[in-house]
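Each number in our numbering corresponds to the 1-based position in the sequence shown with 261 added.
For glycine and all other residues, C-beta sits at the position ideal for the given N, C-alpha and C.
Inspection log for the structure reproduced underneath, given as structure tokens.
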Amino acid sequence: MSTKFKKYTRKQPYFNPTAKIDRTNGMKDRNDTFITKIIAEFKDRQRAEIQKWRRALSAATDPENPVLYPLQDLYDNLSSDGHYISQTEMRKAATLCSNFSINDPSGKEQAGKTAFFKQQWFYDFMEDALDSIIRGYTLLELVNPLKPKFQLIPRRNIVPLKHKILLSVSDSKGVDYVSFIGDTLIEIGNPDDLGLLSNLCGQLIWKRNAQQSWAEFSERFGMPMITATTNKSSDAEIAKIRAMLATLGEAAQAVLPEGTTIDIKPAAGSDSYNVYDKQIDRINTEISKAICGGTMVSDDGSSRSQSEVHERNLDDKIAARDKRIITFITNDQLIPMLARFGHDLNPEKDIFTFDQTYELTLKEQWDIVNQASYRYDIPADWVSKTFGFPIIGEKEVQPGLFNMTAQHKEPSPGIGGGGFYENFR
């Protein structure tokens, strides 16, 4: 039995000012999507090994028959690492927490259209789009044009190089999805892009192995060895001593037969844990550099200045690149798609953009206002609202007093400087 998918034929131009959204059935998701046809299957959660990673890479890059599900299953397996989670969330937050707007060609913000995008559906859309940087090529399907609502097509069921969606990972044919792009599908990334995780799997596997080895080391040598020496020879007495030693670790006391002594031997090499700890730290460093461009965005640094440099690398370079990706996807694919379904958007005039202005600290803003007040009249109510203190009136200031405060350097005694200091020479 063959599966049929409804084809939404695109009409040129994208923008149709007379288009109407069918709101009679708008609260329900479409039932003719790829998502509803894909079969939920078993995922490999077995121990991750270097050889498994290399085989998965070979399968994903096979020019004749590329298969992605072994690699994507490995991604899912390794994505539970705490440091990896913190770095990916930090990188995505640098974009998700940035302000944006929908503007007309003159740069004027369209408040109503901006409000339409500042809803949960668009933040979910951006988060899935940003995951493509880490996980590779991504397909998002429009399952409800009214809300709107998008769902991620499982990457393990996609063969990007062949433009196929596999309803089952064992499917040898699949469904060609090229004709759906721009109508109900949005593609993100290059078909041959496997994401940053393709290079980080080795590090995550080695880290997991180091943690496992450390756990085994702690089990063997973490607790001190307790030995007993006795002059008793009967099996009953020896069994009694053995039972006492077994409970000694919990009770910290024991009643032993006469002639029996115990010896507690501390673990040899108290700094042996450094073998594992240093390896894990090194791997965390490599993960941080690959994802956030530095190590001090979330970790302790040697100085505040170094941490600020790493933070600027994330905000000014890496996040700026991520924002550009979101901007291209939204303007080139998302807005035209929503306009075709009747939303109040015009792809030829409405432009999605992130706010590029620099946010000043309160002190920086106060210094600017203070300097500007010498030449310009600034409303007192604006100053009160901006800096959060009440203003009930203005004081009379003697002429020349602000000239003194505006000077960056005071003239040395005996040196002509004029102005306020001239009166005291």
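A Cβ-Cβ separation of about 52 Å leaves residue 551 out of contact with residue 523 under the 8 Å criterion. The alpha-carbon separation between residue 447 and residue 388 amounts to approximately 14 Å. For residue 383, the uninterrupted alpha helix (DSSP H) segment begins and ends at 381-396. The closest CA to that of residue 506, considering only 420, 492, 487 and 494, is found on 487. Here residue 426 carries a strand assignment [DSSP, helix/strand/coil]. Our two residues, residue 596 and residue 635, have alpha carbons roughly 46 Å apart in a direct line.
For residue 630, the uninterrupted alpha helix (DSSP H) run begins and ends at 623-633, by DSSP. With contacts defined by Cβ atoms closer than 8 Å, residue 612 and residue 360 do not form a contacting pair.
For residue 399, the enclosing beta strand (DSSP E) has its first and last residue at 399-405. Residue 644 is positioned such that its CB atom lies closer than 8 Å to that of residue 652.
Boundaries of the alpha helix (DSSP H) around residue 311: 311-321. Listed as beta-bridge partners of residue 489 by DSSP are 523. Under the three-state reduction of DSSP, residue 620 is assigned to coil, being neither helix nor strand. Taking a C-beta distance under 8 Å as the contact criterion, residue 294 and residue 402 qualify as a contact pair.
Your pair residue 587 and residue 390 checks out as a contact, with CB atoms roughly 6 Å apart and the cut at 8 Å. Between the segment 403-421 and the segment 293-307, the count of Cβ pairs shorter than 8 Å is three or higher; the stretches touch. Judged by DSSP in its simplified three-state form, residue 412 adopts strand. Beta-carbon to beta-carbon, residue 420 and residue 335 are separated by about 17 Å, too far to satisfy the 8 Å threshold. For the pair residue 423 and residue 327, the CB atoms are nearer than the 8 Å cut-off.
Cβ-Cβ separation between residue 339 and residue 394: approximately 16 Å, too far for a contact (criterion under 8 Å). Taking the CA atoms as reference points, residue 582 sits about 21 Å from residue 378.
For the pair residue 621 and residue 632, the Cα-to-Cα distance works out to about 15 Å. In this structure, DSSP gives residue 446 an extended state, which the three-state scheme calls strand. The beta carbon of residue 627 is closer than 6 Å to none in its chain, skipping five residues each way along the sequence. The beta carbon of residue 427 sits closer than 7 Å to the beta carbons of 418, 420 and 435 from its chain, once the five residues preceding and following it are set aside; these are given in chain order.
In the three-state reduction of the DSSP assignment, residue 419 falls in the strand class. Boundaries for residue 359: no beta strand (DSSP E) harbours it, and the DSSP string shows neither H nor E there. Between residue 533 and residue 615, the C-beta gap is not smaller than 8 Å, which leaves the two residues out of contact. A direct Cα-to-Cα measurement between residue 640 and residue 649 gives close to 14 Å.
Contact annotation, residue 579 with residue 396: C-beta distance approximately 17 Å; criterion of less than 8 Å not satisfied. DSSP, read as helix, strand or coil, puts residue 614 in strand. Spatial neighbours of residue 302 in its own chain (CB-CB distance under 8 Å, excluding positions within 5 residues in sequence) are listed in chain order as 429 and 430.
Excluding sequence positions up to five before and after residue 306, its CB lies within less than 7 Å of the CB of 338, all in the same chain and listed in chain order.
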